[in-house]
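Novice: In mature numbering (1 follows the signal peptide of the UniProt record, and there is no 0), the protein residues as written are -38 to -1, 1 to 251. Using N, Cα and C, we set each Cβ at its ideal position, and we do this for glycine too. Questions regarding the structure given below will be posed in turn.
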């Protein structure tokens, strides 16, 4: 075992070595590195670091230039969102139903400046199982208009349920379930949040929502698109598993307006432009696909 020798003074004025095991030093360095990597996997919380204004120096076209660790936003080959086109998807009719294990848990709602996020900070809201791997639910947030498009059509709103693998060693450490909304009847789940959202217009803050059940978001576990992409905000981390509902939900124009008013103080939207597909495989799962 290696040791690092330092000097200290003895009672007789002599210098004697202090031995610090090298494995302790390497352990500390490894923990610091691991914390940095884990942090870089997750979405940026500070709105001031980037925006969605296409004419801004901090807009989507420049995200990859703002920080070294955001380089994937510019150079990545598996970026999201993308256009889901029927003529390019691979139909999977014998797919395994997604295993959802969501449950009610204490939550907070937060205006992050670039979106409204409902978070389960204790990570007790359950998980989903994808390819035998458990992904724990962290939070859900909304983009308007939708970021993903289907056959070129953009929808009024898009929800992202963000999950992180319980096992830190898996290649795809993040999984996002997405739900698209079209103009129509009010959405029951969003209606429960609206009063809190409108109270946070242009104010970056958070408040307790008490116990919230993620099952009420009604993510379909039978018919869905699937592909490998990235986070749609910096640091644009890749190897994210995307699960996108085939069934479209409804949302009222008033609900969309409330979400836009709360966060859009610099742009008309908080949706990243569609990214190049780069010949990625897209799957459409479900018995009726």
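1) Beta-carbon separation of residue 58 and residue 246 under 8 Å?
2) Using CA coordinates, which residue listed in 99, 210, 248, 89 is at the minimum distance from residue 81?
3) Go through its chain and collect everything with a Cβ distance to residue 239's Cβ below 6 Å, but skip five positions before and after it.
4) Can you tell me where the beta strand (DSSP E) with residue 10 in it begins and where it stops?
5) Report back the beta-carbon spacing between residue 106 and residue 123 to the nearest angstrom; my notes put them in contact at under 8 Å.
6) Assign residue 53 to one of two classes, buried (16 or more other C-beta atoms within 10 Å of its C-beta) or exposed (fewer than that).
7) In terms of residue numbering, what span does the alpha helix (DSSP H) encompassing residue 26 cover?
8) Tell me, which residues are paired with residue 144 by DSSP?
9) Rounded to the nearest angstrom, what separates residue 178 and residue 65 at their Cα positions?
10) Ordered along the chain, which non-local residues of its own chain (more than five positions away) have a Cβ less than 6 Å from that of residue 137?
11) CB residue 109 to CB residue 212, shorter than 8 Å?
12) Which whole-angstrom value describes the C-beta separation of residue 26 and residue 32, a residue pair presumed to lie in contact below a C-beta threshold of 8 Å?
13) For residue -3, does the three-state DSSP call read helix, strand or coil?
14) Distance check for residue 78 and residue 199, CA to CA, integer angstroms please.
15) Could you tell me the distance, in whole angstroms, from the CA atom of residue 167 to the CA atom of residue 19?
16) Starting from the C-beta of residue 36, find all residues in its chain whose C-beta is less than 6 Å away, skip the five residues before and the five after it, and write them out in chain order.
17) Of the choices 112, 206, 185, whose alpha-carbon is the least far from that of residue 250?
18) Note down the Cα distance separating residue 55 from residue 248, rounded to an integer number of angstroms.
19) Let me confirm a value: residue 157 is counted as buried when at least 16 other C-beta atoms fall within 10 Å, else exposed. Which label applies?
20) Determine, using beta carbons only, whether residue 68 and residue 49 come nearer to each other than 8 Å.
21) Taking residue 218 and residue 119 to be in contact with their CB atoms under 8 Å, please state how far apart those CB atoms are, rounded to whole angstroms.
22) With respect to the beta strand (DSSP E) encompassing residue 193, which residues constitute its N-terminal and C-terminal limits?
23) Residue 111 bridges to which residues according to DSSP?
24) Which residues in the same chain as residue 112 place their Cβ atom closer than 6 Å to its Cβ, once the five residues preceding and following it in sequence are excluded?
25) Just to confirm before moving on: does the CB-CB distance between residue 117 and residue 142 stay below 8 Å?
Specialist: So, from the listed chains and residues:
1) Here residue 58 is taken as the residue at index 96 of the chain shown, counted from 1. Here residue 246 is taken as the residue at index 284 of the chain shown, counted from 1. For residue 58 and residue 246, no; Cβs fall outside 8 Å.
2) The count along the chain shown starts at 1 and reaches residue 81 at position 119. Among 99, 210, 248, 89, the Cα nearest to that of residue 81 belongs to 99.
3) Indexing the chain shown from 1 puts residue 239 at position 277. These residues qualify, in order along the chain: 44.
4) If you number the chain shown from 1, residue 10 lands on position 48. No beta strand (DSSP E) holds residue 10; DSSP gives it neither H nor E.
5) For this step, residue 106 is matched to residue 144 along the chain shown. For this step, residue 123 is matched to residue 161 along the chain shown. Not a contact, Cβ separation roughly 16 Å.
6) The residue given as residue 53 occupies position 91 in the chain shown. Residue 53 comes out exposed.
7) Locating residue 26 in the chain shown gives position 64, where the first residue counts as 1. Bounds of the alpha helix (DSSP H) holding residue 26 are 25 to 28.
8) As a first step, residue 144 is located in the chain shown; it is residue number 182 there, counting from the start. Answer is 212, bridged to residue 144.
9) In the chain shown, residue 178 corresponds to position 216, counting from 1. In the chain shown, residue 65 corresponds to position 103, counting from 1. Answer to the nearest angstrom: the Cα atoms are 10 Å apart.
10) Within the chain shown, the letter at position 175 stands for residue 137. Around residue 137: 92, 97, 125, 203.
11) Within the chain shown, residue 109 is the residue found at index 147, counting from 1. Within the chain shown, residue 212 is the residue found at index 250, counting from 1. No, these two residues do not count as a Cβ contact at 8 Å.
12) Start at 1 with the first residue of the chain shown, and residue 26 comes out as number 64. Start at 1 with the first residue of the chain shown, and residue 32 comes out as number 70. Confirmed, Cβ separation roughly 6 Å.
13) Position 36 of the chain shown, counted from the start, is the residue given in the question as residue -3. Residue confidence is low: residue -3 scores 43 on pLDDT, short of 50, so the model does not pin down where it sits. No coordinate-derived value is stated.
14) Numbered from 1 along the chain shown, position 237 holds the residue referred to as residue 199. Numbered from 1 along the chain shown, position 116 holds the residue referred to as residue 78. The straight-line gap from Cα to Cα measures roughly 20 Å.
15) Indexing the chain shown from 1 puts residue 167 at position 205. Indexing the chain shown from 1 puts residue 19 at position 57. One C-alpha to the other measures close to 25 Å.
16) As a working note, residue 36 is residue 74 in the chain shown. Taken in chain order, the residues that qualify are 26.
17) Residue mapping note: residue 250 aligns to position 288 of the chain shown, counting from 1. If we check each option's Cα against that of residue 250, 185 comes out closest.
18) Against the chain shown, residue 55 aligns to sequence position 93. Against the chain shown, residue 248 aligns to sequence position 286. Each residue's Cα considered, the two are about 5 Å apart.
19) Counting from one through the chain shown, the residue named residue 157 turns up at place 195. Counting Cβ neighbours within 10 Å, residue 157 comes out exposed, since fewer than 16 surround it.
20) Within the chain shown, the letter at position 106 stands for residue 68. Within the chain shown, the letter at position 87 stands for residue 49. For residue 68 and residue 49, no; Cβs fall outside 8 Å.
21) The residue you call residue 218 lines up with position 256 of the chain shown. The residue you call residue 119 lines up with position 157 of the chain shown. Yes, residue 218 and residue 119 are in contact; Cβ-Cβ is about 6 Å, under 8 Å.
22) Residue 193 sits at position 231 when you count from the first residue of the chain shown. Premise fails: residue 193 is in no beta strand (DSSP E) and is neither H nor E.
23) Locating residue 111 in the chain shown gives position 149, where the first residue counts as 1. Answer by DSSP bridge pairing, in chain order: 45, 116.
24) Here residue 112 corresponds to residue number 150 of the chain shown, with the count starting at 1. Within the same chain, residue 112 has close Cβ partners 46.
25) Working through the chain shown from its first residue, we reach residue 117 at position 155. Working through the chain shown from its first residue, we reach residue 142 at position 180. In this structure, residue 142 lies closer than 8 Å to residue 117 by Cβ.
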